[in-house]
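Peer 1: In order, the protein sequence lines correspond to chains B and C.
With this note's numbering applied, the first sequence corresponds to residues 1 to 546, in that order.
With this note's numbering applied, the second sequence corresponds to residues 1001 to 1546, in that order.
There are 2 protein chains.
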Amino acid sequence: MSELTAVKLAQQQREVSVAEFFERNRHLLGFDNKRKALLTVVKEACDNSLDATEEARVLPEINVEIIDLGNDKFRIIVEDNGPGIVKKQIPNVFGKLLYGSKFHSMKMSRGQQGIGISASCLYAQLTTGRPLRVISKISPKHPAVYMEIGIDTKNNRAQVFKEEEKEWKKEHGTRIELDIEGSYQKGEQSVDVYLKETAIVNPHATILYTNPKAEQLIFPRATDLLPVQPKEIKPHPYGVEHGILMKMLQTTESRTLQSFLTNDFSRVGPGTAKEICQNARLLPNSKPSELTHPQIEQLMEGIKNTKIIAPPADCISPIGAELLEKGLKKEVNSEFYATSTRSPEVYRGIPFIIEAGIAYGGEQAGDQSIRLLRFANRVPLLYQQSSCATFKAITGMNWRQYGLSQSQGALPIGPVTVVVHLASVWPPFTSEAKEAIAHYPEIIKEMRLALQDCGRKLSSYINKKKRVGEAQQRISIFENYIPEVAGFLEALTGEKKEKTIEKMRQMLSKNKELIQQYKEAHEVTKREAEEKEDQIELKGAIEYDE
Amino acid sequence: MSELTAVKLAQQQREVSVAEFFERNRHLLGFDNKRKALLTVVKEACDNSLDATEEARVLPEINVEIIDLGNDKFRIIVEDNGPGIVKKQIPNVFGKLLYGSKFHSMKMSRGQQGIGISASCLYAQLTTGRPLRVISKISPKHPAVYMEIGIDTKNNRAQVFKEEEKEWKKEHGTRIELDIEGSYQKGEQSVDVYLKETAIVNPHATILYTNPKAEQLIFPRATDLLPVQPKEIKPHPYGVEHGILMKMLQTTESRTLQSFLTNDFSRVGPGTAKEICQNARLLPNSKPSELTHPQIEQLMEGIKNTKIIAPPADCISPIGAELLEKGLKKEVNSEFYATSTRSPEVYRGIPFIIEAGIAYGGEQAGDQSIRLLRFANRVPLLYQQSSCATFKAITGMNWRQYGLSQSQGALPIGPVTVVVHLASVWPPFTSEAKEAIAHYPEIIKEMRLALQDCGRKLSSYINKKKRVGEAQQRISIFENYIPEVAGFLEALTGEKKEKTIEKMRQMLSKNKELIQQYKEAHEVTKREAEEKEDQIELKGAIEYDE
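Structure representation (structure tokens):
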């Protein structure tokens, strides 16, 4: 039997196209239910628009429109003022999975793998059979190009059903139109919330949004300054893996190990390269492609045992503690805010920065789990909270020391909103739908440190508040008994009751002053913070330049 | 600026190979930390061995060995007595992602997309730089083939470093050897637990396991009968999507709509096909490839409005309520068991069956969250519990009505183990790592129904237990007061005290009998269940046939 089976099995074996794969597994891309599908399409289109405008140094103006076509069908239109797409590339960008400009560059961006928008096109084709319609213009000198695009899934290739030139008033930009099966519902995890949170962490963007109820929402830009443009970098030696190093050694243009180390990595100067070679017991003039397996092992050990400075931060553009606090204030009305931005760190050779913030008290309910806002590269994450590294970092901490209640392994309970932002050249997500951050220990550790920093500020605030409250209570209780105490004293010592009362009141008022000082100091801190806020737009941003 | 940007962007745009994609995103495949990586490699190899032996109708004998190489490196060896792999296919099976026999067939199996084992090879290459070693033999007449295989990620192609014939005593089978970076730790989510649970739901397999501490564990087979071999089926019309239907219409060999419906779908006979055409207002002799977009819409409506019988169950091989209960009994020592197997249902045209079981009381702790065992196509799922459809189904139910305590949105608290098994032609997972089942409403609904069925049995048991307990308590309290009551009665009515006592005792003993009956009935149910159990191996399984 056996031989036949092996032969029979061999006949069935064949290649699976990546488009077929995702057609079957569309839940991997965020299309597992109708409501999420609607969000995913809007999200992928907006991410692309924000990336493209940022790349072109244009202040983004994005117009999102969702039209209810009835029978669970929706038309989604997203239009931007980005640089447009050259004609030849339009079919690939929208009609081919795993095609894009961002995968092979080490630079922070919202999009990554060139899957999102073509997957949306695939989903539209699957659920309504209608192609994607795109109109794009790259400059006033060129006419706009209009195309209708589908995907040949068996070969993962674009099918262009129609192509023509069109008049379009815009100077440059892209507008896409997709018909999909979806479901619209307000509230948590909705398109409305996604766009609102996107506006918070992208204060340089203007977003116009018409929802399926034909209500128009406008999120105007809060600043005319574009975020700093992140630079493209080379990998950092720390955390580079055996296989990647092997591949780099084989494909490098450098002729010696010494020049390979300085040219192909960031933060490795000639001195550091020499030290790595020494620690690896390898000659600096070895030919990279000729290193043997054990020699590569040595090289990895050598890197591990050499002190190399942290990767440069200019490949990442964090929101910044101040802007993050400002965003938090827009979102949550509370009495106390604390934020923290960590220094860049590395996971698997890839730099990242963690930022965190806490808003305490105010109008927030005190008897429920804290609210968690998650962002990765300025994109709000609305799904899969409990699978996210942020969740793991928070539930793994002891929040009781910061004055909140918490059962083991759960989110703490209290009137608190926590924000965590991961900015990275390559944020690792748990799925292509980019809903949750994967559990890399380096990332979780940084999240914890950032949150602990905020937590300490919070607990000192809570403790101060408690101390002031207690002192105040003691004083007012004591105040009530002054006449009685004075009366006893008169009976015992003959000291006049009125005089004693007078003295005691004086003592108390000193204490009250102290409390007042406490309170005022707190007010000043708050005022200062607010003043600082009005100025932050000048920092961490550059001038708009056409 | 704009035109230049578009051109510059276009220059950066290029294709990403699926191997490059997964090399960067290896956490998507279950390689996000060292401990999980060890489990994932063992799991992918064992899944393949179990699938191959089942396909070849061989009783599986699988030998798993993990050797600690020091410095967080491990050698994993998995050997089976399966049909082997023909020489020509070996490089593709292990050295090319998205290559396999299972993707294009509608049949229940553990593997799906042809990613798992080649991803393990990729991970080995990444972390230790060492190729996969495989030896395979398809029959006693052929020599065994030995190969060393790596992956050229840029082109997603196998690299064969060595190839030779070898002597191998086995008649047929495959043995692979991989060196990876990993970490070994016992307990939950460990290789040990995975193999134990695998043995529970695959009672026809013998698994020998040597862990890194050089301890040998043997899971002998509990039955010599192979599970029923699932048949390959055609898609069911319900839930087929517009895009898929469009593709099927374009590529079918049938000449008329009528024959297309009967030939290309399961459960559609000539009568049903006619009815569909009528409901769709389409002529049965329309040419499939010529249907227009609105006509396809009509056809979909027509399918929706026609009553079509559920898909055949023979494409799925569930564990069966009895075997599931038996497995549960092996795992958990408790006082009450209930299991339930639902009828086949369909999501997106794909048939599936849900099975569930509950074990209550016994040695289980009553003050903790219930324990949840999850399986998909007889494979234990150990990670991402809270992202799983099973979790959503359980937390969305009201368990208080079944006598357990539960806070909103959480797992219930109580001395309970819950098992859920999804058997399907294509189980939808939330990620390629196949850790959790995606949230399809149809699947969650079936899970809920199966669990409610078990829940009802549980609550009637708990209530009966409670009633018996209460009645017993009432009787024994009353019994203590009989002499006093009889004394009062004598004083009031003159009725002799001894006589009253006698009568009252008689009354009570009747009640006691009733309670005894209750208890005995329960014992009988239990005994019957146990007897039934001894016979079940004869059902739902066929004879072993070489």
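Idealized CB from N, CA, C, for every residue including glycine.
Quick one: is Glu543/B near chain C, going by C-beta distance under 9 Å?
Peer 2: In the first sequence, residue 543/B corresponds to position 543, counting from 1. Only weak support exists for where Glu543/B lies, its pLDDT of 34 falling under 50; the coordinates are left without a value.
Peer 1: Using beta-carbon positions only, say whether Ser1266/C and Ile1350/C come within less than 9 Å of one another.
Peer 2: Translated into positions along the second sequence, residue 1266/C becomes position 266. Translated into positions along the second sequence, residue 1350/C becomes position 350. Their beta carbons are not under 9 Å apart, which means Ser1266/C does not touch Ile1350/C by this criterion.
Peer 1: Can you name, in chain order, every residue of its own chain whose Cβ lies under 6 Å from the Cβ of Phe1219/C, other than the five neighbours on each side?
Peer 2: Here residue 1219/C is taken as the residue at index 219 of the second sequence, counted from 1. Same-chain partners within the cutoff: Ala1199 and Ile1207.
Peer 1: Residues of chain C with a CB under 7 Å from the CB of His236/B: which are they?
Peer 2: For the purposes of this step, residue 236/B is taken as residue 236 along the first sequence, with counting starting at 1. Within chain C, no residue comes near His236/B; the closest Cβ sits about 15 Å away, beyond 7 Å.
Peer 1: If you run the structure through DSSP and keep just helix, strand and coil, what is Phe1022/C?
Peer 2: Taking the first residue of the second sequence as 1, we reach residue 1022/C at position 22. Three-state DSSP puts Phe1022/C in a helix.
Peer 1: Measuring only the C-alpha atoms, how far is Gln1013/C from Ser109/B?
Peer 2: As a position in the second sequence, residue 1013/C is number 13, starting the count at 1. As a position in the first sequence, residue 109/B is number 109, starting the count at 1. About 14 Å.
Peer 1: Could you tell me the alpha carbon to alpha carbon distance between Tyr1440/C and Thr1390/C, rounded to whole angstroms?
Peer 2: Taking the second sequence and counting its residues from 1, one reaches residue 1440/C at position 440. Taking the second sequence and counting its residues from 1, one reaches residue 1390/C at position 390. About 11 Å.
Peer 1: Look up Arg456/B in the DSSP assignment and say whether it is helix, strand or coil.
Peer 2: Stepping through the first sequence from its first residue, residue 456/B is reached at position 456. The answer is helix: DSSP assigns Arg456/B an H, G or I state.
Peer 1: Verify the CB distance criterion: does Arg24/B have a CB-CB separation below 9 Å to chain C?
Peer 2: Residue mapping note: residue 24/B aligns to position 24 of the first sequence, counting from 1. True, the Cβ-Cβ gap to chain C drops below 9 Å.
Peer 1: Could you please give the first and the last residue of the uninterrupted beta strand (DSSP E) stretch that includes Phe336/B?
Peer 2: Translated into the one-based positions of the first sequence, residue 336/B becomes position 336. Its beta strand (DSSP E) spans residues Phe336 to Thr341.
Peer 1: For Phe488/B, does the count of other Cβ atoms within 10 angstroms reach 16, so buried, or fall short, so exposed?
Peer 2: Locating residue 488/B in the first sequence gives position 488, counting from the first residue. Exposed, because fewer than 16 other Cβ atoms sit within 10 Å of the Cβ of Phe488/B.
Peer 1: Nearest by alpha-carbon distance to Ala365/B: which of Thr417/B, Gly30/B, Gln408/B and Thr292/B is it?
Peer 2: Counting from 1 along the first sequence, the entry for residue 365/B is found at position 365. Considering only alpha carbons, the answer is Thr417/B.
Peer 1: Report the residues of the segment 1245 to 1256 of chain C with a CB closer than 7 Å to any CB of chain B, ordered along the chain.
Peer 2: Those residues of the segment 1245 to 1256 of chain C that come within reach of chain B (Cβ to Cβ, closer than 7 Å) are Met1246.
Peer 1: Is any beta-carbon of chain B found at less than 9 Å from that of Lys1088/C?
Peer 2: Here residue 1088/C refers to the residue found at position 88 when the second sequence is read from its first residue. True, the Cβ-Cβ gap to chain B drops below 9 Å.
Peer 1: Count the other CB atoms within 10 Å of the CB of Asp1179/C; is the residue buried (16 or more) or exposed (fewer)?
Peer 2: Looking up residue 1179/C in the second sequence gives position 179. Per the 10 Å Cβ criterion, buried.
Peer 1: Might you give, ordered along the chain, the residues of its own chain that have their beta carbon closer than 6 Å to the beta carbon of Asn1285/C, omitting 5 neighbours on each side?
Peer 2: By one-based count along the second sequence, residue 1285/C stands at place 285. Correct list, in chain order: Thr1256.
Peer 1: Where does Gly1409/C land, buried or exposed, given buried means 16+ other C-beta within 10 angstroms?
Peer 2: Position 409 of the second sequence holds residue 1409/C. Gly1409/C should be labelled exposed.
Peer 1: Name the two residues that bound the continuous alpha helix (DSSP H) containing Pro1294/C.
Peer 2: Counted from its first residue, the second sequence places residue 1294/C at position 294. First-last of the alpha helix (DSSP H) with Pro1294/C: His1293 to Lys1304.
Peer 1: Could you tell me which chain C residues have their CB closer than 7 Å to the CB of Ser431/B, listed as they occur along the chain?
Peer 2: Working through the first sequence from its first residue, we reach residue 431/B at position 431. Simply Leu1028, Thr1430 and Ser1431.
Peer 1: What are the start and end residues of the alpha helix (DSSP H) that includes Ser387/B?
Peer 2: Here the question's residue 387/B lines up with position 387 in the first sequence. Where Ser387/B is concerned, there is no enclosing alpha helix (DSSP H), given that its DSSP letter is neither H nor E.
Peer 1: Tell me, please, whether the CB atom of Lys1096/C is closer than 9 Å to any CB atom in chain B?
Peer 2: On the second sequence, residue 1096/C is found 96 positions in, with the first residue counted as 1. Interface residue, yes.
Peer 1: Starting from Pro270/B, trace the alpha helix (DSSP H) in both directions and tell me its first and last residue.
Peer 2: The count along the first sequence starts at 1 and reaches residue 270/B at position 270. Per DSSP, Pro270/B belongs to the alpha helix (DSSP H) from Pro270 to Ala280.
Peer 1: Looking at Leu1195/C: is its Cβ nearer than 9 Å to the Cβ of Val1042/C?
Peer 2: Taking the second sequence and counting its residues from 1, the one referred to as residue 1195/C is at position 195. Taking the second sequence and counting its residues from 1, the one referred to as residue 1042/C is at position 42. Going by C-beta atoms, Leu1195/C is nearer than 9 Å to Val1042/C.
Peer 1: Which class does Lys88/B belong to by DSSP, given the choice of helix, strand or coil?
Peer 2: Counting from 1 along the first sequence, the entry for residue 88/B is found at position 88. Residue state, collapsed to three classes: helix.
Peer 1: In this structure, how does DSSP classify Gln406/B when only helix, strand and coil are distinguished?
Peer 2: As a first step, residue 406/B must be located in the first sequence, where it is residue number 406. Of the three classes helix, strand and coil, the one that applies to Gln406/B here is coil, per DSSP.
Peer 1: Mind checking if Val18/B is an interface residue toward chain C, Cβ cutoff 9 Å exclusive?
Peer 2: Counting from one through the first sequence, the residue named residue 18/B turns up at place 18. So yes, Val18/B belongs to the interface.
Peer 1: Thinking C-beta only, is Arg1035/C closer than 9 Å to Ala1119/C?
Peer 2: As a working note, residue 1119/C is residue 119 in the second sequence. As a working note, residue 1035/C is residue 35 in the second sequence. Not closer than 9 Å, so no.
Peer 1: To test your reading of the DSSP string, which unbroken alpha helix (DSSP H) runs of 4 or more residues are found completely within the segment 1028 to 1058 of chain C?
Peer 2: Listed in chain order, the complete alpha helix (DSSP H) runs (minimum 4 residues) inside the segment 1028 to 1058 of chain C are 1034 to 1055.
Peer 1: Is it the case that the segment 1355 to 1371 of chain C contacts the segment 1318 to 1336 of chain C, given that we only count it when at least three CB pairs across the two stretches are under 8 Å?
Peer 2: Output reads yes: the segment 1355 to 1371 of chain C touches the segment 1318 to 1336 of chain C.
Peer 1: Let me check one thing: in DSSP terms, what residues is Val1420/C bridge-paired to?
Peer 2: In the second sequence, the residue the question calls residue 1420/C occupies position 420. Answer by DSSP bridge pairing, in chain order: Ala1356/C and Arg1374/C.
Peer 1: With a cut-off of 8 Å on the beta carbons, I'd call Val419/B and Ala356/B a contact; round off their distance for me.
Peer 2: Numbered from its first residue, the first sequence carries residue 419/B at position 419. Numbered from its first residue, the first sequence carries residue 356/B at position 356. About 6 Å; that satisfies the 8 Å criterion.
Peer 1: Could you have a look at Glu232/B and say whether DSSP puts it in helix, strand or coil?
Peer 2: Numbered from 1 along the first sequence, position 232 holds the residue referred to as residue 232/B. Coil.
Peer 1: Tell me whether Glu1232/C is buried or exposed, calling it buried when 16 or more other Cβ atoms sit within 10 Å of its Cβ.
Peer 2: Taking the second sequence and counting its residues from 1, one reaches residue 1232/C at position 232. Glu1232/C comes out exposed.
Peer 1: According to DSSP, Asp1152/C sits in a beta bridge with which residue or residues?
Peer 2: By 1-based counting over the second sequence, the position of residue 1152/C is 152. According to DSSP, which records beta bridges pairwise, Asp1152/C is partnered with Arg1157/C.
Peer 1: Quick one: which chain B residues come within Cβ less than 9 Å of Asp1032/C?
Peer 2: Against the second sequence, residue 1032/C aligns to sequence position 32. Simply Pro428, Thr430, Ala438, His439 and Tyr440.
Peer 1: Can a CB atom of chain C be found closer than 9 Å to the CB of Ile296/B?
Peer 2: Position 296 of the first sequence, counting from 1, holds the residue named residue 296/B. Yes, Ile296/B counts as interfacial toward chain C.
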